[in-house]
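K.L.:
Below you'll find the structure I mean.
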Amino acid sequence: MRVERYASVDKFLTDHREFLLQHEAENNLPLGLSMRIQNGWMPANAPFLAAIRDEQGTVGVAVMTSPHALAISALRDVSLANQAAEALANYVHSHKIELSGVLSAPATTTAFCEIWHAKTGKQALLSMHERIYTLTEVIPPAPVEGLLKKASNTDVEWLAERLTAFHDEALPTEPHWDWHAVAERQIATGSAWYWEVDGEPVSSLASSRPTINGICIGAVSTPPQFRGRGYASNAVAALSQHLLDQGFRFCMLFTDLSNPTSNKIYQAVGFRPLCDIDQYRFEE
Numbered sequence: 567m568r569v570e571r572y573a574s575v576d577k578f579l580t581d582h583r584e585f586l587l588q589h590e591a592e593n594n595l596p597l598g599l600s601m602r603i604q605n606g607w608m609p610a611n612a613p614f615l616a617a618i619r620d621e622q623g624t625v626g627v628a629v630m631t632s633p634h635a636l637a638i639s640a641l642r643d644v645s646l647a648n649q650a651a652e653a654l655a656n657y658v659h660s661h662k663i664e665l666s667g668v669l670s671a672p673a674t675t676t677a678f679c680e681i682w683h684a685k686t687g688k689q690a691l692l693s694m695h696e697r698i699y700t701l702t703e704v705i706p707p708a709p710v711e712g713l714l715k716k717a718s719n720t721d722v723e724w725l726a727e728r729l730t731a732f733h734d735e736a737l738p739t740e741p742h743w744d745w746h747a748v749a750e751r752q753i754a755t756g757s758a759w760y761w762e763v764d765g766e767p768v769s770s771l772a773s774s775r776p777t778i779n780g781i782c783i784g785a786v787s788t789p790p791q792f793r794g795r796g797y798a799s800n801a802v803a804a805l806s807q808h809l810l811d812q813g814f815r816f817c818m819l820f821t822d823l824s825n826p827t828s829n830k831i832y833q834a835v836g837f838r839p840l841c842d843i844d845q846y847r848f849e850e
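755 is the number that our numbering gives to position 189 of the sequence shown; each next residue is one higher, with no gaps.
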């Protein structure tokens, strides 16, 4: 197997979009990230875009926006996980590309982490065992007071606080962003939402990384004093229905499998499990 790195996201997507679309929801992260870059978003560091190939064609692709983890797509054949991981690890190591971690299907991450440890001595620590869910039809939850609203410029400070709280609670080992800037960008792109009760925002969430047929929902965050009242369930259901009404064929989201409450909530409004994803971080 060999690895081909791409300097152009246009060329990368021209060559591999159809491969990624064969499993569009499973590949929502590498596909959605590369499409965001193609549409004008530039991460702080130049993105890493690569394909793993053999004589039959594409085996898988990898996308990274450092300092975040290397995202490896679903492979053409899971039995190729060891070979694909070895080829990719060899390329990354030989080109002295820094990795903070890796995320992909369990077989792929297990193989990659073992090889990376052998090459670098770095330990792979499990950051999160996740599951990707998809929704094609909303199951309305028990109604509660309030309504879904799109965040506006007057909500920047509140949204930045919620994004910070979400990160600290749900993703403490992940790199920090400038959450004020993220809030401004989400609002500018119309992707920030919240559930409002009596003029007060009580639960926040966002739509992100649209692919060809789907779009992700994430960063669902409810302050502790408002939890257990059904606000998040209604917000997720309402936003999912809005996105389906806008023409998306399905919605997607990642869940932390160590949080049974969120997994139960999402399934109750119509999300169905698709596949598992493991995320590891590398430490000396």
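Even glycine gets a Cβ: it sits at the ideal position worked out from N, Cα and C.
Report the partner residues of Gln-689 according to the DSSP bridge assignment.
P.N.:
Glu-849, per the DSSP bridge assignment.
K.L.:
Is there contact between the stretch 781-795 and the stretch 763-773, where contact requires at least three CB pairs shorter than 8 Å?
P.N.:
The stretch 781-795, when compared against the stretch 763-773, does touch it at the 8 Å Cβ threshold.
K.L.:
Are Thr-674 and Ala-647 touching if we call contact CB-CB under 8 Å?
P.N.:
Result yes, Cβ atoms of Thr-674 and Ala-647 sit closer than 8 Å.
K.L.:
Among Gln-604, Arg-568, Met-567, which residue has its Cα nearest to the Cα of Phe-578?
P.N.:
The residue with the shortest Cα to Cα distance from Phe-578 is Gln-604.
K.L.:
Would you report the Cα separation of Glu-703 and Cys-841, rounded to the nearest angstrom?
P.N.:
Glu-703 and Cys-841: Cα-Cα distance of roughly 19 Å.
K.L.:
State the Cα-Cα distance for the pair Pro-672 and Asp-764, rounded to the nearest angstrom.
P.N.:
Their backbone Cα atoms lie some 44 Å apart in a straight line.
K.L.:
State the beta-bridge partners of Trp-761 as determined by DSSP.
P.N.:
Paired residues: Leu-714, Ser-769.
K.L.:
Judging by CA-CA distance, which residue of Gly-780, Thr-821, Glu-592 is the nearest neighbour of Leu-641?
P.N.:
Minimum Cα distance to Leu-641 is reached at Glu-592.
K.L.:
Near Lys-716, which residues of its chain fall below 6 Å by C-beta distance, leaving aside the five closest residues on each side in sequence?
P.N.:
Closer than 6 Å at Cβ, skipping near neighbours: Trp-759.
K.L.:
Check for me: the alpha helix (DSSP H) holding Pro-809 runs from which residue to which?
P.N.:
For clarity, residue 809 is Leu in the given sequence; the question names Pro instead. Looking at the DSSP string, the run of the alpha helix (DSSP H) that includes Leu-809 is 797-811.
K.L.:
Output yes or no for whether 8 Å exceeds the beta carbon distance between Tyr-846 and Val-668.
P.N.:
Contact: yes.
K.L.:
Could you check whether Leu-725 and Gln-689 sit closer than 8 Å to each other, using their CB atoms as the reference points?
P.N.:
Cβ atoms of Gln-689 and Leu-725: not closer than 8 Å.
K.L.:
Taking its Cβ as the centre, do 16 or more other Cβ atoms sit within 10 Å of Met-865, making it buried, or is it exposed?
P.N.:
With the chain covering 567 to 850 only, the question about residue 865 has no answer from this structure.
K.L.:
What distance in whole Å lies between the Cβ atoms of Glu-570 and Ala-612, which are believed to be in contact at a cut-off of 8 Å?
P.N.:
The Cβ separation is near 16 Å, so there is no contact.
K.L.:
Kindly give me the distance between the Cβ atoms of His-634 and Ser-666, rounded to whole angstroms, as I take these residues to be in contact under 8 Å.
P.N.:
About 7 Å; that satisfies the 8 Å criterion.
K.L.:
List the endpoints of the continuous beta strand (DSSP E) containing Ala-617.
P.N.:
Start and end: 614-620.
K.L.:
Round the Cβ separation of Ile-705 and Val-802 to the nearest angstrom and send it over; I've been treating them as touching at under 8 Å.
P.N.:
Contact doesn't hold; Cβ gap of about 11 Å is too wide.
K.L.:
Kindly indicate the opening and closing residues of the alpha helix (DSSP H) around Ser-828.
P.N.:
Element bounds for Ser-828: 826-834.
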